[in-house]
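A.B. asks:
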Amino acid sequence: MTTRTKFFVGFVCFAVVAAAFASTPDVKAAQPTAPALVAQAGRVQVDFWHGLGRPLGGILEDIAAEFNASQTRYHVNATFKGSYPETMVAAIAAFRAGNAPHIVQMFEVGTATMMAAKGAVKPVHELMKEAGVPFDPSIYLPAIRGYYSTTDGRMVAMPFNSSTAVLWYNRDAFRKAGLDPAKPPKTWAETRAAAQRIRSTNAAACGFTFAWPTWTQFEQFSAIHDTPLATKANGFEGLDAEMATNSPLHVRHTQALLDMMKEGSFKYGGRDSAADALFPSGECAMIHASSGLRARVLRDAKFDWGVAYLPYYDDVKGAPKNSIIGGAAFWVMTSPRRTAEEYRAVAEFFKFIGRPEVVARWHMESGFLPITYPGITLVNALGYYAANPGADIPYKQLTRSLPSRNSKGLRLGNMPEIRVVLQEEMELVFQGQKSAKAAMDAGVRRANEILRRFEKVHTGQ
Amino acid sequence: MHRRVVFEGKFLPYLLLTPQLAIVIVFFFWPAWQAIFQSLLRQDPFGLRTEFIWFENFVQVLSNPFYLSSVRTTVVFSAAVILLAMSSALLLAVMADSGVRGAGVYKTLLLWPYAIAPAVAGALWLFMFHPTVGIFGRALNAAGLGWDYMLHGWQALLLIALASAWKRVGYNFIFFLAGLQSIPKEVTEAASVDGAGPFQRFRKIIFPLLSPTTFFLLVVNVIWAFFETFGVVHSLTKGGPGKATETLIYKVYVDGVVNLDLGGSSAQSVILMLVVVALTAVQFRYIERRVHYQ
Amino acid sequence: MSAPAVAQQRPALTSPRAGRRPVNWVPHLVLSIGVVIFAFPVYMALIGSTHDPATIARGEMPLTPGQNAASNFQQAWAVGEGMRVKAAPVQMMMRNSFIMAVVIAGGKIAISILSAFAVAFFRFPLRMFFFWMIFITLMLPVEVRIIPTYAVVTNLGMINTFWGLTVPLLASATGTLIFRTFFLTIPDELVEAAKLDGAGPMKFFWSILLPMSSTAIAALFVILFVYGWNQYLWPLLITTSREMETIVIGITKMIGTGEAQTDWHLIMATTMLALIPPVSVVMLMQRWFVKGLIGTEK
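If you read the protein sequences in the order shown, they are chains A, B and C. Start counting the first sequence at 1; every next residue gets the next number (our numbering). Start counting the second sequence at 462; every next residue gets the next number (our numbering). Start counting the third sequence at 756; every next residue gets the next number (our numbering).
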């Protein structure tokens, strides 16, 4: 009997606590939603899933809130769904269940997957035309427009947060090493010499590193050297593209990185964005990383720093070309019960985020690229670049030449998986398990299998 | 296993079963059937294009060298976790059963990590072994040991094994302790009269008597290490570096949810399903045997 | 309960051996080391939750508490957002986790005690077929059916609701098995007596069986509460708004890629808060927990 009594006492305690939890007026939760619900009544609701964490996601949600405040007919619900891959999966699962969000933010390497999903995605040019919202794609920078357009130049996705890779360097460390802080390395030879000097003078614990290994050392690298990453214009011209990352130039570069690692001038910082932290902490004096790192460097770096173009091998013909973009774009998804009015709402939202003041604000607050020419003009007029030297480097690097077949971007299926494969093979070289040539060959072989799988799924052969 | 005396009732038993059966059918059998069906299909992620390909997905999975290396990773990882979690649990249980004062307090203090979610356990260990933030990560680097689990596969594997074992010891401890306490005291006392030392007594008498518990724990620990360590891997290493910590269940997730290869991922799930069925069958037979002993 | 080991527990704590012999320090030493090893990761998290982010990011965190405990926990509890991480306030996530855990535990107990009652106390066509239908749910790891289950839940309009978060997780056999095993130990005489008194099955269930099962119910409740609280993959997929996020998901999202420069102080404060409910349930209800554990798995 005592057991029973004890149990019931315990259970009652639980129930009370549970009730208290459930009935606590949840200030934080209720405040934003309750008034919003009232205001939302009668508005066309647009679900917008994004993959930007703090602090960028907050700025993005502010922009959505501004759109909501700017008119009374539409309401965009911007929701953070986790990292880009998580957001992508959630959107796909929702689509399969007939419940896709109106807009989903998708990283640039998901472009081929989204484009191949005809019927699941409503191309932006079509959306704008049907909704009767005026839309001029030519205001977007060519390297951005091209990445998200069909081969005949029609825009499929709405660019928003685009970045490119740049060199971040620690001017204090350069001074300490006796290097000229006004002259960051332009070529790979200069990069290596500077890194060696930084190490030999112990101006920093590590001379050089890079984040997003595949993106900075294969994708950007190939574009800058006007060298194909894959055949068929990096996949733009067909699903039957094959990888080309075992070219002599790629092998040479991988070998050079290994040599730098062995001599101690380069430190491998891990996959994806893991190495980002090595720069603002002062550990590495140079890093190839996203231009989007700016907000964080501004906040965390306790030293004088600068931004510069990515280096190139000066004996390669055609180098340096423009770099390519990273980041993400907004895709419009279809759903069985979607109305014209909802598409109209999406189109109006896209028009809003294409306004120069929104583009300029996003650029200045987030560190992502100014994606339109009117946006750049506005940022210039505001005197931002004069006050923030180096902030214009990313877009200048992106526009320093007209995109060639090799620097227009990538259109490769299952690209996230290919990125992992190339990172893995690169890691095997750094761990001394494979030669550069063997690893690059294996990378091509494995990535081609992935491409063939994508081709098979989408063409049946 | 059946009782003699039962109630009569034509519809009542069905009525009583209805809630559970409804949930099981809607949320288990229907989706499970869909998963098996999916493993025979080639389909794009959006489900716009589907092709029935019989067992091609299975052939591809089983001939993929990375699948086989994932099998190896899983075996090494599980063996490490089980060895660590079971041997330390046994040691602690023997100590707690040795008539030590305050055994109840120790029991409480050893048990609680069981309540911690695997993903949270991962977060705790990440915070200790992060190469620049963590207290041990820093210490190892200061000692010049080059600790960076984001670069060295074996370090990553060691870390997830430690975190998983840490969370699992409490569970094993409870079972070992219960097993030890069910051994009649006369048996061990008779042995000490015979002059056997404590270690010999353990090896010759206690451990054999404990073998049903040990065997049971072995089976459930295998299942646990195979499937329920997903949260640890996901919060600590995400399968990297390389594919060093990509266990079978993590590969199902990566191929299905990240790489969007639904057919291949479903085929892997079906293979894992067969593994669990086999393990459960072993375990079930064992339970039946124990029931007969009573 | 099918826990012979526990049932036969001999009173080890009061064993006369302990009193007669001089204190043996070896067990105390070994057990203490074990306790310290177990507690250390949580201790470090506690320390981490009391420092400012810069100290942690520089790798200068000492072994002793810092000054920021109040503000860190306050920030995590009420705001949830730091300089670098963005999450829902902990109080909201805790409430979600709590509702999820209680509904899963309560729901599973309710449906499985009914089905176990049917299987154990009635004889009817297809009885064992139904039992096996329920039993087989033990065998499928949740990942196998995650996407199709997600589709089912969406079609039922349960996405991003507490129903969607909890009901699909009720589809499992553990509770039914435990209750059935327990019911089979109830002597036939009791049922006969009830029948002689003219009690119908439901009367027997309410006034005899349910009270007798209170220990089993308590034990299951503890186990299932912890199970529900610690759910990971399912809430990850099923919650589409921050208002629905559970705390375990919140922590992993805050960690992100695990960089050095993140708001470790908030993550660790959140981790500490996430630990408290399941750990205290297990520690306070330890006896039932141990019974439930041994009963669930055997």
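C-beta atoms are modelled at their ideal positions from N, C-alpha and C, and glycine is treated no differently.
To the nearest angstrom, how far is the alpha carbon of SER407(A) from that of GLY724(B)?
C.D. replies: 34 Å
A.B. asks: Taking only the alpha-carbon atoms, compute the straight-line gap between GLN481(B) and ALA496(B) and give it to the nearest angstrom.
C.D. replies: 21 Å
A.B. asks: Mind the definition here: the region 53-63 of chain A touches the region 111-118 of chain A only if three or more C-beta pairs lie below 8 Å; say whether that holds.
C.D. replies: no
A.B. asks: Quick one: Cα of TRP832(C) to Cα of ILE1022(C), how far?
C.D. replies: 11 Å
A.B. asks: Where GLN986(C) and VAL1003(C) are concerned, what is the direct C-alpha to C-alpha distance, given to the nearest angstrom?
C.D. replies: About 8 Å.
A.B. asks: Touching or not, the region 504-517 of chain B and the region 592-599 of chain B, by the rule of three or more beta carbon pairs under 8 Å?
C.D. replies: no
A.B. asks: How is SER531(B) classed by DSSP in three states: helix, strand or coil?
C.D. replies: helix
A.B. asks: Taking contact to mean at least 3 C-beta pairs separated by less than 8 Å, is the region 575-595 of chain B in contact with the region 608-624 of chain B?
C.D. replies: yes
A.B. asks: Do TRP215(A) and VAL307(A) have their C-beta atoms closer together than 8 Å?
C.D. replies: Contact flag unset, no.
A.B. asks: Could you work out which residues of chain A lie near ASN910(C), taking near to mean beta carbons separated by less than 8 Å?
C.D. replies: ALA97, GLY98
A.B. asks: Just the chain C side, please: which residues come within less than 9 Å of PHE160(A) by C-beta, in chain order?
C.D. replies: Under the 9 Å cutoff, chain C gives no residues; its nearest Cβ is about 18 Å from PHE160(A).
A.B. asks: Is the region 533-545 of chain B close to the region 931-942 of chain C, with three or more CB pairs under 8 Å?
C.D. replies: no
A.B. asks: I think ILE450(A) touches GLU427(A), with their Cβ atoms under 8 Å apart; what is that distance to the nearest whole Å?
C.D. replies: Not a contact, Cβ separation roughly 18 Å.
A.B. asks: Determine the chain B residues that contact THR363(A) at a beta-carbon separation under 8 Å, and present them in chain order.
C.D. replies: Per the sequence shown, the amino acid found at residue 363(A) is His instead of Thr. Near HIS363(A) there are no residues of chain B at all, since even the closest Cβ is about 30 Å away, more than 8 Å.
A.B. asks: Just the C-alpha distance for PRO659(B) and SER653(B), rounded to the nearest angstrom, thanks.
C.D. replies: 8 Å
A.B. asks: For the candidate residues SER625(B), PHE488(B), VAL566(B), whose alpha-carbon lies nearest to that of GLU689(B)?
C.D. replies: SER625(B)
A.B. asks: Within this structure, are the beta carbons of VAL332(A) and VAL124(A) separated by less than 8 Å?
C.D. replies: yes
A.B. asks: Report the rounded CA-to-CA distance for SER70(A) versus VAL444(A), giving the unit in angstroms.
C.D. replies: 50 Å
A.B. asks: Would the region 223-231 of chain A and the region 241-259 of chain A be scored as touching if the rule is three or more Cβ pairs under 8 Å?
C.D. replies: Touching, per the Cβ criterion.
A.B. asks: Using DSSP bridges, identify the partner residues of LEU327(A).
C.D. replies: The residue asked about is misnamed: residue 327(A) is Gly in this sequence, not Leu. According to DSSP, which records beta bridges pairwise, GLY327(A) is partnered with SER162(A).
A.B. asks: Using a Cβ cut-off of 8 Å, pull out every chain C residue sitting near SER653(B), in sequence order please.
C.D. replies: Within chain C, no residue comes near SER653(B); the closest Cβ sits about 10 Å away, beyond 8 Å.
A.B. asks: Got a sec: which bits of the region 289-303 of chain A sit with their beta carbon under 8 Å from any beta carbon on chain C, in order along the chain?
C.D. replies: ARG296, ARG299, ASP300
A.B. asks: For the region 799-879 of chain C, which segments carrying the alpha helix (DSSP H) assignment without a break, of at least 4 residues, lie completely within its bounds, in sequence order?
C.D. replies: 808-812, 824-833, 845-876
A.B. asks: Mapping DSSP to helix, strand and coil, what is LEU881(C)?
C.D. replies: coil
A.B. asks: Taking 7 Å as the cut-off, is the CB of ILE1031(C) close to at least one heavy atom of the ligand NAD?
C.D. replies: Ligands displayed in this structure: none; no statement on the ligand NAD is therefore possible.
A.B. asks: With a threshold of 8 Å between beta carbons, is HIS1020(C) in contact with chain B?
C.D. replies: no
A.B. asks: Which partner residues does ASP47(A) have in the DSSP bridge list?
C.D. replies: ASN77(A)
A.B. asks: Report buried or exposed for ASP655(B), applying the criterion of at least 16 other Cβ atoms within 10 angstroms of its Cβ.
C.D. replies: exposed
A.B. asks: Measuring CA to CA, which of THR931(C), ILE868(C), VAL845(C), ALA843(C) is closest to PRO966(C)?
C.D. replies: ILE868(C)
A.B. asks: Return yes when the Cβ of MET855(C) is within less than 8 Å of the Cβ of LEU920(C), no when it is not.
C.D. replies: Between LEU920(C) and MET855(C), the C-beta spacing is below 8 Å.
A.B. asks: Going by the CB atoms, is the gap between PRO394(A) and LEU369(A) shorter than 8 Å?
C.D. replies: yes
A.B. asks: What residues from chain C crowd round TRP573(B), counting only those whose CB sits closer than 8 Å?
C.D. replies: The contacting residues are PHE793, VAL1034, VAL1037, MET1038.
A.B. asks: LEU478(B) and PHE885(C) - do their beta-carbons sit closer together than 8 Å?
C.D. replies: Yes, these two residues count as a Cβ contact at 8 Å.
A.B. asks: Quick check: what's the CA-CA separation for LEU612(B) versus LEU721(B)?
C.D. replies: 26 Å
A.B. asks: For LYS129(A), which option in MET261(A), VAL346(A), ILE63(A) has the closest C-alpha, if you only look at C-alpha atoms?
C.D. replies: VAL346(A)
A.B. asks: Skipping 5 residues on each side, what residues in its chain have a beta carbon closer than 6 Å to that of LEU378(A)?
C.D. replies: Hits under 6 Å: PRO356, ALA360.
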